[in-house]
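Asks: Residue numbers (full-length UniProt numbering): 1 to 83. Here a beta-carbon is modelled for each residue, glycine too, at the ideal position from N, C-alpha and C. Okay, handing you the structure first.
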């Protein structure tokens, strides 16, 4: 199981808002494929999956405020059984 976390863009970024989920639980995702859009005080950016597999959990709701490093989703890698 691989955790997807809020990445840090820029030295001053501490938090962001999830403005849209691009994938749902059960969806297949490729490595580096966008799964969500987030907005900071300065920009909007996509969060990508670090591995290919299946989305097994979305841990925050759309429009939720999140902090850098927070786990927002989990992916079961190809061939890995979901927990």
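Which same chain residues end up closer than 8 Å to residue 20 when comparing Cβ atoms and leaving out the 5 residues on each side of it in sequence?
Replies: In the chain shown, residue 20 corresponds to position 20, counting from 1. Cβ neighbours of residue 20 beyond the five flanking positions: 36, 37 and 62.
Asks: Which residues share a DSSP beta bridge with residue 58?
Replies: Within the chain shown, the letter at position 58 stands for residue 58. Answer is 73.
Asks: Mind checking residue 25: buried by the 16 CB within 10 Å criterion, or exposed?
Replies: The count along the chain shown starts at 1 and reaches residue 25 at position 25. Looking at its Cβ environment, which holds fewer than 16 other Cβ atoms inside 10 Å, residue 25 is exposed.
Asks: By Cβ distance below 8 Å, which residues in the same chain neighbour residue 71 in space, the five residues on each side in sequence not counted?
Replies: Reading the chain shown from its first residue, position 71 is the one you call residue 71. Excluding sequence neighbours, residue 71 sits near 3, 4, 5 and 59.
Asks: Given a cut-off of 8 Å on the beta-carbon distance, is the pair residue 7 and residue 47 in contact?
Replies: Here residue 7 refers to the residue found at position 7 of the chain shown. Here residue 47 refers to the residue found at position 47 of the chain shown. Yes, they are a contact pair.
Asks: May I ask which residues mark the beginning and end of the beta strand (DSSP E) holding residue 34?
Replies: If you number the chain shown from 1, residue 34 lands on position 34. For residue 34, the enclosing beta strand (DSSP E) covers residues 34 to 39.
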